[in-house]
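Here is the structure we will look at.
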Amino acid sequence: GQNIDQPTEMTATEGAIVQINCTYQTSGFNGLFWYQQHAGEAPTFLSYNVLDGLEEKGRFSSFLSRSKGYSYLLLKELQMKDSASYLCAVGARNTGFQKLVFGTGTRLLVSP
Amino acid sequence: SAVISQKPSRDICQRGTSLTIQCQVDSQVTMMFWYRQQPGQSLTLIATANQGSEATYESGFVIDKFPISRPNLTFSTLTVSNMSPEDSSIYLCSVLLGSYEQYFGPGTRLTVT
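As given, the protein sequences belong to chains A and B, one line each in that order. Just so you know, we're using this note's numbering here: the first sequence kicks off at 30 and counts up by one. Just so you know, we're using this note's numbering here: the second sequence kicks off at 591 and counts up by one.
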């Protein structure tokens, strides 16, 4: 089975840096995903890591350590619009196709 | 990316009735997924729907309760049958583009009274 843990809520101030951690236990690991979800909206894809290391994409970076079952999402130069839930998801290859198992999400509140 | 629409966007239904949710994509995709997101919770996969084959259901979800159709490569429906208040949730479809990236529809907010 799969088990994914991430903090429930985090707060930060505009312009700061915040790191959202995610730990997982899974079988058939096939990548670690981060999604952003604003209240009342659909999740949107942020990043995908399948190999160890850091992937940088603008203000957002994502890190993966497969041996430790650990990932983090790093948000730099925080903006008010970054207030959202951030969902960590593990890709699991099951019977030949990809499925996602989501963590409970981390609600990030960015204050002025 | 893909443009995904869902109908209805929201509905209020009575206990014991059924609701069919439609998901339309603007391009042909092989794999579509149906998720449920209960209030304050994360997403839970209900089933995977591939065109031309039976849907594959996750543990805890059964075809009699959540029948799925996938008549072509751009469309799918999910029916929530014999509804109870516990079925109140947001239902989202998603599509797989490329080898790993999933795009989500806007969701259908269902309230069962």
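Here a beta-carbon is modelled for each residue, glycine too, at the ideal position from N, C-alpha and C.
Problem - Cβ neighbour criterion (16 or more within 10 Å) applied to ALA113 of chain A - result: buried
Problem - Selection of the segment 78-93 of chain A by Cβ proximity to chain B, strictly under 7 Å - result: none
Handout entry: Every unbroken beta strand (DSSP E) inside the segment 61-85 of chain A [3 residues or more]
Key = 73-78
Exercise for the section: Classify ASP616 of chain B as helix, strand or coil using the three-state DSSP reduction. Expected result: coil
Practice task
Buried or exposed for LEU80 of chain A, please, with buried defined as at least 16 other CB atoms from any protein chain shown within 10 angstroms of its CB.
Solution key: exposed
Practice task
Consider the Cβ of THR55 of chain A: report whether some Cβ of chain B lies at a distance smaller than 8 Å.
Solution key: no
Practice task
Kindly give me the distance between the Cβ atoms of GLY622 of chain B and CYS613 of chain B, rounded to whole angstroms, as I take these residues to be in contact under 8 Å.
Solution key: Here residue 622 of chain B is Met; the residue named in the question, Gly, does not match the sequence. Their Cβ separation, rounded to whole angstroms, is 7 Å, which keeps MET622 of chain B and CYS613 of chain B in contact under 8 Å.
Exercise for the section: Note the first and the last residue of the continuous beta strand (DSSP E) segment covering SER679 of chain B. Expected result: 679-687
Exercise for the section: Helix, strand or coil for GLU691 of chain B, going by three-state DSSP, please let me know. Expected result: strand
Exercise for the section: Please confirm if GLY642 of chain B has its CB atom under 8 Å from at least one CB of chain A. Expected result: no
Exercise for the section: Let me know the secondary structure DSSP gives VAL673 of chain B once reduced to three states. Expected result: Checking the sequence, you will find Met at residue 673 of chain B rather than Val. MET673 of chain B falls in the coil class under three-state DSSP.
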